[in-house]
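The opening position of the sequence shown corresponds to residue 4 in the working numbering, with each subsequent residue numbered one higher. Cβ atoms here follow ideal geometry from the backbone N, Cα and C, with glycine treated the same way. Have a look at the structure below before the remarks.
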Amino acid sequence: MTHDAWDGDDEAEAGRLVPLYILVNGRTSPRNTNLDLATQVIARPADTSRLEPEYRDIVNRCLSWISIAEIGAYLHRPLTITKVMVDVLLDQGYLGIGSPAQQRIADRRLLETVLAGLERL
4 MTHDAWDGDD
14 EAEAGRLVPL
24 YILVNGRTSP
34 RNTNLDLATQ
44 VIARPADTSR
54 LEPEYRDIVN
64 RCLSWISIAE
74 IGAYLHRPLT
84 ITKVMVDVLL
94 DQGYLGIGSP
104 AQQRIADRRL
114 LETVLAGLER
124 L
(Lines of atoms letter the chains of each structure in order from A and count residues from 1; the text may use other names and numbers.)
(Lines give C-alpha, C1' and ligand atoms only; values in the text may rest on other atoms or scores of the structure.)
Protein backbone atom coordinates (compact mmCIF):
# COMPACT_ATOMS: atom_id res chain seq x y z
CA MET A 1 0.00 0.00 0.00
CA THR A 2 1.48 3.33 -1.01
CA HIS A 3 0.81 6.65 0.72
CA ASP A 4 1.13 9.73 -1.40
CA ALA A 5 2.10 12.89 0.45
CA TRP A 6 0.00 15.94 -0.28
CA ASP A 7 2.19 18.72 -1.66
CA GLY A 8 -0.30 21.56 -1.16
CA ASP A 9 -1.01 22.18 -4.83
CA ASP A 10 -4.54 20.84 -5.13
CA GLU A 11 -7.02 22.28 -2.63
CA ALA A 12 -9.86 20.22 -4.07
CA GLU A 13 -8.03 17.01 -3.22
CA ALA A 14 -6.87 18.13 0.20
CA GLY A 15 -10.09 19.74 1.33
CA ARG A 16 -10.42 22.95 3.29
CA LEU A 17 -7.21 24.09 4.97
CA VAL A 18 -8.72 26.64 7.38
CA PRO A 19 -11.91 25.64 9.20
CA LEU A 20 -14.62 28.28 8.89
CA TYR A 21 -14.90 28.74 12.65
CA ILE A 22 -11.28 29.94 12.67
CA LEU A 23 -12.13 32.64 10.10
CA VAL A 24 -14.83 34.03 12.39
CA ASN A 25 -12.81 33.60 15.59
CA GLY A 26 -15.31 31.06 16.90
CA ARG A 27 -18.22 33.51 16.77
CA THR A 28 -21.61 31.92 16.27
CA SER A 29 -23.66 35.05 15.69
CA PRO A 30 -23.07 38.52 14.27
CA ARG A 31 -22.56 41.45 16.63
CA ASN A 32 -24.99 43.50 14.52
CA THR A 33 -28.31 42.06 15.67
CA ASN A 34 -30.16 43.78 12.80
CA LEU A 35 -28.59 41.51 10.19
CA ASP A 36 -30.86 38.91 8.70
CA LEU A 37 -30.66 36.78 5.59
CA ALA A 38 -32.51 39.37 3.50
CA THR A 39 -30.14 42.21 4.46
CA GLN A 40 -28.67 43.81 1.34
CA VAL A 41 -24.96 44.63 1.23
CA ILE A 42 -22.60 46.15 -1.32
CA ALA A 43 -18.82 46.37 -1.56
CA ARG A 44 -17.17 49.67 -0.74
CA PRO A 45 -14.05 50.79 -2.56
CA ALA A 46 -11.20 49.31 -0.53
CA ASP A 47 -7.96 47.39 -0.89
CA THR A 48 -8.86 43.75 -0.23
CA SER A 49 -5.36 42.35 -0.69
CA ARG A 50 -4.92 41.76 3.06
CA LEU A 51 -8.16 39.82 3.42
CA GLU A 52 -8.29 36.05 3.68
CA PRO A 53 -9.43 34.52 0.36
CA GLU A 54 -12.81 33.55 1.85
CA TYR A 55 -13.49 37.16 2.84
CA ARG A 56 -12.22 38.45 -0.51
CA ASP A 57 -14.69 36.10 -2.25
CA ILE A 58 -17.54 37.75 -0.35
CA VAL A 59 -16.41 41.28 -1.22
CA ASN A 60 -15.99 40.32 -4.88
CA ARG A 61 -19.51 38.87 -4.94
CA CYS A 62 -20.90 42.16 -3.56
CA LEU A 63 -20.02 44.43 -6.48
CA SER A 64 -23.75 45.09 -6.80
CA TRP A 65 -26.45 44.86 -4.13
CA ILE A 66 -26.89 41.32 -2.86
CA SER A 67 -28.54 39.67 0.13
CA ILE A 68 -26.65 37.68 2.73
CA ALA A 69 -28.63 34.57 1.75
CA GLU A 70 -27.55 34.97 -1.89
CA ILE A 71 -23.90 35.33 -0.85
CA GLY A 72 -24.08 32.08 1.09
CA ALA A 73 -25.75 30.30 -1.81
CA TYR A 74 -23.29 31.53 -4.43
CA LEU A 75 -20.25 30.72 -2.30
CA HIS A 76 -21.64 27.45 -0.87
CA ARG A 77 -21.16 28.57 2.73
CA PRO A 78 -23.39 27.86 5.73
CA LEU A 79 -25.73 30.81 6.24
CA THR A 80 -24.75 31.32 9.88
CA ILE A 81 -21.07 31.57 8.97
CA THR A 82 -21.86 33.81 6.00
CA LYS A 83 -23.80 36.18 8.25
CA VAL A 84 -20.90 36.40 10.72
CA MET A 85 -18.36 36.91 7.92
CA VAL A 86 -20.50 39.70 6.41
CA ASP A 87 -20.71 41.27 9.88
CA VAL A 88 -16.91 41.24 10.14
CA LEU A 89 -16.61 42.88 6.71
CA LEU A 90 -19.18 45.51 7.68
CA ASP A 91 -17.22 46.29 10.86
CA GLN A 92 -14.00 46.65 8.87
CA GLY A 93 -15.62 48.94 6.28
CA TYR A 94 -15.35 46.61 3.29
CA LEU A 95 -19.14 46.37 2.86
CA GLY A 96 -22.00 48.82 3.11
CA ILE A 97 -25.45 47.89 4.35
CA GLY A 98 -28.83 49.06 3.17
CA SER A 99 -30.87 48.56 0.07
CA PRO A 100 -30.60 49.69 -3.52
CA ALA A 101 -33.69 51.84 -3.05
CA GLN A 102 -31.93 53.85 -0.34
CA GLN A 103 -29.10 54.72 -2.67
CA ARG A 104 -31.13 55.95 -5.64
CA ILE A 105 -33.66 58.75 -5.44
CA ALA A 106 -36.70 57.93 -7.51
CA ASP A 107 -38.52 60.58 -9.51
CA ARG A 108 -40.05 62.75 -6.81
CA ARG A 109 -43.00 63.78 -9.01
CA LEU A 110 -43.87 60.14 -9.61
CA LEU A 111 -43.77 59.41 -5.88
CA GLU A 112 -45.97 62.44 -5.15
CA THR A 113 -48.45 61.28 -7.80
CA VAL A 114 -48.59 57.80 -6.28
CA LEU A 115 -49.03 59.29 -2.80
CA ALA A 116 -51.82 61.57 -4.00
CA GLY A 117 -53.55 58.57 -5.61
CA LEU A 118 -53.29 56.57 -2.41
CA GLU A 119 -54.67 59.45 -0.37
CA ARG A 120 -57.73 59.64 -2.65
CA LEU A 121 -58.62 56.00 -1.94
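Short Cβ contact (7 Å threshold) for residue i with residue j
i: Val27; j: Val89; result: no
i: Pro48; j: Lys86; result: no
i: Leu78; j: Asp50; result: no
Span of the beta strand (DSSP E) around residue i
i: Ala41; result: Here Ala41 belongs to no beta strand (DSSP E), and DSSP marks it neither H nor E.
i: Gly101; result: Leu98 to Gly101
Classification of residue i by the beta-carbon crowding that lies within 10 angstroms, buried from 16 upward
i: Thr42; result: buried
i: Ile69; result: buried
i: Trp9; result: With a pLDDT of 43 at Trp9, under the threshold of 50, the modelled position of this residue cannot be trusted; read the value that follows with caution. Looking at its Cβ environment, which holds fewer than 16 other Cβ atoms inside 10 Å, Trp9 is exposed.
Limits of the unbroken alpha helix (DSSP H) element including residue i
i: Pro33; result: Counting along the chain, Pro33 falls outside any alpha helix (DSSP H), and DSSP gives it neither H nor E.
i: Asp60; result: Pro56 to Arg64
Does the region 94–103 come close enough to the region 49–61 that 3 or more CB-CB pairs lie under 8 Å? yes
Decide yes or no for the touch test of the region 109–118 against the region 67–79: beta carbon pairs closer than 8 Å, at least 3 of them. no
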